[in-house]
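Below is one structure; the comments refer to it alone.
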Amino acid sequence: MKTVSFSFESAVITEQQREQISRAMSILNAGGVVAFPTETVYGLGADVTNLEAISSIYRIKQRPMNHPLIVHIADFSCLSEWAQAIPDTALKLAARFWPGPLTLILKRSRCVPDIVTGGQDTVGIRVPGHPIALALLRSLGRGRALAAPSANRFGRISPTTAAHVQKELGTEISMILDGGSCAVGLESTIVSFVGDNPKVLRPGGIALAELESVLGASISMMHRSDSSTIRVPGSLSSHYAPTTPLKLCATEQLWQYAQKMTNQQLKTMVITWSPIQLPLQQNEYLQHCSMPNDPESYGRELYAILHQFDQAEFDYLLVEMVPDHPNWVAIEDRLQRASHRAS
Ligand code: TXA
Ligand code: MG
Numbered sequence: 007m008k009t010v011s012f013s014f015e016s017a018v019i020t021e022q023q024r025e026q027i028s029r030a031m032s033i034l035n036a037g038g039v040v041a042f043p044t045e046t047v048y049g050l051g052a053d054v055t056n057l058e059a060i061s062s063i064y065r066i067k068q069r070p071m072n073h074p075l076i077v078h079i080a081d082f083s084c085l086s087e088w089a090q091a092i093p094d095t096a097l098k099l100a101a102r103f104w105p106g107p108l109t110l111i112l113k114r115s116r117c118v119p120d121i122v123t124g125g126q127d128t129v130g131i132r133v134p135g136h137p138i139a140l141a142l143l144r145s146l147g148r149g150r151a152l153a154a155p156s157a158n159r160f161g162r163i164s165p166t167t168a169a170h171v172q173k174e175l176g177t178e179i180s181m182i183l184d185g186g187s188c189a190v191g192l193e194s195t196i197v198s199f200v201g202d203n204p205k206v207l208r209p210g211g212i213a214l215a216e217l218e219s220v221l222g223a224s225i226s227m228m229h230r231s232d233s234s235t236i237r238v239p240g241s242l243s244s245h246y247a248p249t250t251p252l253k254l255c256a257t258e259q260l261w262q263y264a265q266k267m268t269n270q271q272l273k274t275m276v277i278t279w280s281p282i283q284l285p286l287q288q289n290e291y292l293q294h295c296s297m298p299n300d301p302e303s304y305g306r307e308l309y310a311i312l313h314q315f316d317q318a319e320f321d322y323l324l325v326e327m328v329p330d331h332p333n334w335v336a337i338e339d340r341l342q343r344a345s346h347r348a349s
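Everything in the sequence shown is counted per my numbering, starting at 7 for the first residue and increasing by one.
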């Protein structure tokens, strides 16, 4: 996936959004939680240092307490308040990609409470690249930050619109800041600086090749099966999952599978990206959704269609395997996890 270029600084915040941001500030100051847009997915935010507010995040998400949260900061210059012993390589990546879809795992400073890191001595930090998220973080002021996981229940699909958050968590949170559809649509790339060499823990909005070109060295990626000892919920085999069973299928086998499903009268949505023509008529059991064939657009739309098809009561989502190419790794990763339950 190539990096989408954003122009956050120039984005205009409307008067109405300003008012909403100041309402959100009052809620955060009173120890509440607020859902807010980022360029990747919507987050569920609370003041990092307010332990009760952070507990509410875990409760609302139904997330185990030992799974750490990402600390969102207003800009690069705040990094040293929340992390220490920061390697030059991490600084290089932050300087190049922040604000943007990159999370750094670093040794935490004493300002980060245990509840945020799941008791680990490391912390995930990012500067999000959405004008509303940045305005919110700037109004918090120095010495404060927002801990924010994706605004969905544990293990489910991340929200990329305010309506997705409303549907899943609307009754439990007092405010959702609406910033439209997320421009990236997949979660941030997470790079850990804890071992000897930087390592990608979760592929995401920044392509590996872009990280490598800034680092001037190749970077390794943690395999999904390596993750059992590290508490990275996004790295559980089953995650980012729709409730409808999802099956990944090679292009050559799509037709055969689709036919098998419909013969069994299973209502099936076939999701493709390549220009293949399925020799099947769409009918009451078989629908076809054609996705973009470039990874940026596919990534932007993926969660929205999964949310949409989850509500349409299909028996199966049959998804064409995406290209085996570095620019598609984040999408491939999310599809593999989403399909885990069905395979
Ligand atoms: O794009 C994103 O990263 C979004 C937006 C809202 O910023 N946030 C997000 O948060 O995806 P969450 O909590 O849904 O996923 C964050 C991932 C989790 O897998 C978590 O375990 C991992 O980051 N993480 C956080 N702190 C960590 C740490 N200290 N060590 C290892 N993994 C960590
Ligand atoms: Mg999440």
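Note that the Cβ used here is the ideal one computed from N, Cα and C, for glycine as well.
Query, Result
"Exposure of residue 127, with buried meaning 16 or more beta-carbon neighbours within 10 Å", "exposed"
"Length-filtered (4 minimum) alpha helix (DSSP H) runs lying within the stretch 56-101", "57-67 and 85-88"
"Beta-carbon separation (whole angstroms), residue 277 vs residue 326, contact threshold 8 Å", "6 Å"
"C-beta atoms of residue 69 and residue 89 nearer than 8 Å", "no"
"DSSP state of residue 287 mapped onto helix, strand, coil", "coil"
"Simplified DSSP assignment, three categories, for residue 128", "strand"
"Local conformation of residue 48 per DSSP, three classes", "coil"
"Contact test: residue 155 Cβ vs the ligand MG heavy atom, cutoff 7 Å", "yes"
"Straight-line Cα distance separating residue 294 from residue 288", "7 Å"
"Check whether residue 40 and residue 151 have beta carbons under 8 Å apart", "no"
"Within 8 Å, strictly: CB atoms of residue 316 and residue 272", "no"
"Range of the contiguous beta strand (DSSP E) that encloses residue 112", "108-114"
"Span of the beta strand (DSSP E) around residue 208", "205-208"
"beta-carbon residue 303 near the ligand MG non-hydrogen atom, thresh 7 Å", "no"
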